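Here is the structure we will look at.
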Amino acid sequence: MRILNFYRTSIGKKIVVALSGAAMFLFLIAHMLGNLKIYGGQADIDSYSHHLRTFMEDFFGYAGFLWIARVGLLAAVLLHVVTIILLVRQNRKARPEGYRHRHRSARTWASMTMMLSGPLILIYIVFHILQFTTGTIQPTPFQEGAVYFNLWHAFQVWWIALIYIVMMAFICLHLYHGVWSMFQSLGVNNQDRNRGLRWFSTVSAVVIFLGFTSVPALIWCDLLPPPSEEVMKEEHVSTDEGDSLIFKEEGPHAS
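Here the working numbering is used: the first residue of the sequence shown is 1, the next is one more, and so on.
Here's what the structure looks like:
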């Protein structure tokens, strides 16, 4: 009950927004570093993906830890978006009309797009999981566990690459404003630190944008080689010791 009462306050909502934003920020960094393994070649990124799916398999089952992380990310984004909407409404009710009019011009373009970009990002995350994780949406060839294969074929299609790049622009614009606001909400920001934190927010957003968008850009420009014909494909096999996961190399005509 105390937590709920604290959440109802303006300060409580700001802290929830900051902490959920921090979780998403750390996830983006980890996800970007994983994506950049594509420059090590098909085997490198597929092996990394296999490691993630089997991480803590004894406790959570195959890919269980990954799904916990995905559900946690969706929950953080949803909580982030809903709390921002509630916070904006609460602040508008608390401020007189004249105050709102005077401060409207002080808003940055990034802050004005926060309300729009939040729901769009949530929708895109769901689409992203359905395309690259579950294969439920398959506008291009898809093989479970073959990350390089799936990325290469997807980003050969110009509109998929464009949507990805545009959405990353939204995410990083949101990130630029959100990282600085996070420090402010947590009480880290002050007049002396403001310039440094603004710099950190800008550099973080630019680096993450370039890190993510370099992959579809280079694939679409044919600067990354096509996947090998012997694509690493995952398959569960039954053994005397129980179910275990192996990699099986199959050619295009394998049965």
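A virtual CB, placed ideally from N, CA and C, is assigned to each residue, including glycine.
What you are looking at is a predicted structure, and each value in this text was computed from that prediction instead of being measured.
Requested in this report: Would you mind stating whether V126 and I45 have Cβ atoms separated by less than 8 Å?
Outcome: Reading the sequence shown from its first residue, position 126 is the one you call residue 126. Reading the sequence shown from its first residue, position 45 is the one you call residue 45. A distance of 8 Å or more separates the beta carbons of V126 and I45.
Query raised in the report: Would S214 pass as a contact of L175 if the rule is Cβ separation under 8 Å?
Result: One-based indexing of the sequence shown puts residue 214 at position 214. One-based indexing of the sequence shown puts residue 175 at position 175. Cβ atoms of S214 and L175: not closer than 8 Å.
Query - Alpha-carbon to alpha-carbon, R198 and A169 - result: In the sequence shown, the residue the question calls residue 169 occupies position 169. In the sequence shown, the residue the question calls residue 198 occupies position 198. C-alpha separation (whole angstroms): 18 Å.
Report task. Identify which residue in T136, L66, A22 has its Cα closest to the Cα of S201. Result -> Within the sequence shown, the letter at position 201 stands for residue 201. Of T136, L66, A22, the residue nearest in Cα terms is A22.
Query raised in the report: Any idea if R102 is buried or exposed, counting beta-carbon neighbours within 10 angstroms, 16 or more meaning buried?
Result: The residue given as residue 102 occupies position 102 in the sequence shown. Because the pLDDT at R102 is just 49, under 50, the model does not fix this residue reliably, and the value given afterwards should be weighed accordingly. Burial state of R102 is exposed, judged by a 10 Å Cβ sphere holding fewer than 16 other Cβ atoms.
Query - Burial state of M1, where buried means 16 or more other Cβ atoms lie within 10 Å - result: Counting from one through the sequence shown, the residue named residue 1 turns up at place 1. Answer is exposed; the Cβ neighbour count stays below 16.
Requested in this report: Please say whether L173 and S117 have beta carbons closer to each other than 8 Å?
Outcome: Position 117 of the sequence shown, counting from 1, holds the residue named residue 117. Position 173 of the sequence shown, counting from 1, holds the residue named residue 173. Note that the C-beta distance between S117 and L173 is below 8 Å.
Query - Classification of S10 by the beta-carbon crowding that lies within 10 angstroms, buried from 16 upward - result: Position 10 of the sequence shown, counted from the start, is the residue given in the question as residue 10. Residue environment for S10: exposed (fewer than 16 other C-beta atoms within 10 angstroms of its C-beta).
Query raised in the report: Can you name the start and end residues of the alpha helix (DSSP H) that M24 belongs to?
Result: On the sequence shown, position 24 is the one that residue 24 refers to. From DSSP, the alpha helix (DSSP H) with M24 extends over 10-35.
**Report entry** Cβ-based neighbour list, I137, same chain, cut-off 8 Å, excluding 5 preceding and 5 following
**Finding:** Within the sequence shown, residue 137 is the residue found at index 137, counting from 1. F127, L130, Q131, listed in sequence order.
Requested in this report: Compute the Euclidean distance between the alpha carbons of P119 and V82, then round it to the nearest angstrom.
Outcome: Counted from its first residue, the sequence shown places residue 119 at position 119. Counted from its first residue, the sequence shown places residue 82 at position 82. C-alpha separation (whole angstroms): 9 Å.
Query raised in the report: So M32 packs on G211, CB below 8 Å; how close in whole Å?
Result: The residue labelled residue 32 in the question sits at position 32 within the sequence shown. The residue labelled residue 211 in the question sits at position 211 within the sequence shown. That pair is a contact at about 4 Å.
Requested in this report: Please report how far the alpha carbon of F6 lies from the alpha carbon of F65, in whole angstroms.
Outcome: Indexing the sequence shown from 1 puts residue 6 at position 6. Indexing the sequence shown from 1 puts residue 65 at position 65. Roughly 31 Å separates the two Cα atoms.
Query raised in the report: R8 to N194, Cα distance in whole Å?
Result: Reading the sequence shown from its first residue, position 8 is the one you call residue 8. Reading the sequence shown from its first residue, position 194 is the one you call residue 194. Their backbone Cα atoms lie some 28 Å apart in a straight line.
Query raised in the report: Would a C-beta distance cut-off of 8 Å place P227 and W152 closer than the cut-off?
Result: To locate residue 227, count along the sequence shown from 1; it is residue 227. To locate residue 152, count along the sequence shown from 1; it is residue 152. Taking 8 Å as the Cβ cut-off, P227 and W152 qualify as a contacting pair.
Report task. Along the alpha helix (DSSP H) that carries V157, what are the first and last residues, could you check? Result -> In the sequence shown, counting from the first residue as 1, residue 157 sits at position 157. Where V157 is concerned, there is no enclosing alpha helix (DSSP H), because DSSP gives it neither an H nor an E.
Requested in this report: Kindly give me the distance between the Cβ atoms of S185 and A75, rounded to whole angstroms, as I take these residues to be in contact under 8 Å.
Outcome: By one-based count along the sequence shown, residue 185 stands at place 185. By one-based count along the sequence shown, residue 75 stands at place 75. Contact between S185 and A75 fails: their C-beta atoms lie close to 19 Å from each other, not under 8 Å.
Query raised in the report: Which stretch, first to last residue, makes up the alpha helix (DSSP H) that contains Y48?
Result: The residue labelled residue 48 in the question sits at position 48 within the sequence shown. Membership of Y48 in the alpha helix (DSSP H) is indicated by the continuous run 42-54.
Requested in this report: Work out the CA separation of A94 and N35 for me, nearest whole Å.
Outcome: In the sequence shown, the residue the question calls residue 35 occupies position 35. In the sequence shown, the residue the question calls residue 94 occupies position 94. Between the alpha carbons of N35 and A94 lies a gap of roughly 44 Å.
Query raised in the report: Which residue from P225, G12, A161 puts its Cα closest to that of F84?
Result: Within the sequence shown, residue 84 is the residue found at index 84, counting from 1. Note that residue 84 is Ile in the sequence shown here, rather than Phe. Selected option, being the one with the closest Cα: G12.
Query raised in the report: Nearest-angstrom Cα distance between K37 and G135?
Result: Counting from 1 along the sequence shown, the entry for residue 37 is found at position 37. Counting from 1 along the sequence shown, the entry for residue 135 is found at position 135. If I take the Cα positions, the gap works out to 21 Å.
Query raised in the report: Are there 16 or more other CB atoms within 10 angstroms of the CB of F59, so buried, or fewer, so exposed?
Result: Within the sequence shown, the letter at position 59 stands for residue 59. Exposed: under 16 other Cβ atoms inside 10 Å.
**Report entry** Bounding residues of the alpha helix (DSSP H) (the contiguous stretch that carries S204)
**Finding:** Taking the sequence shown and counting its residues from 1, the one referred to as residue 204 is at position 204. 194-220 is the span of the alpha helix (DSSP H), which, as asked, contains S204.
Query raised in the report: If you check the beta carbons only, do Y48 and T54 fall under 8 Å apart?
Result: Residue numbering aside, residue 48 sits at position 48 when the sequence shown is read from its first letter. Residue numbering aside, residue 54 sits at position 54 when the sequence shown is read from its first letter. No, the Cβ-Cβ distance between Y48 and T54 is not below 8 Å.
Query raised in the report: Which of helix, strand or coil does DSSP assign to I85?
Result: Translated into positions along the sequence shown, residue 85 becomes position 85. In the three-state DSSP reduction, I85 falls in the helix class (H, G or I).
Report task. Provide the residue span of the alpha helix (DSSP H) that contains E144, from first to last. Result -> Looking up residue 144 in the sequence shown gives position 144. Premise fails: E144 is in no alpha helix (DSSP H) and is neither H nor E.
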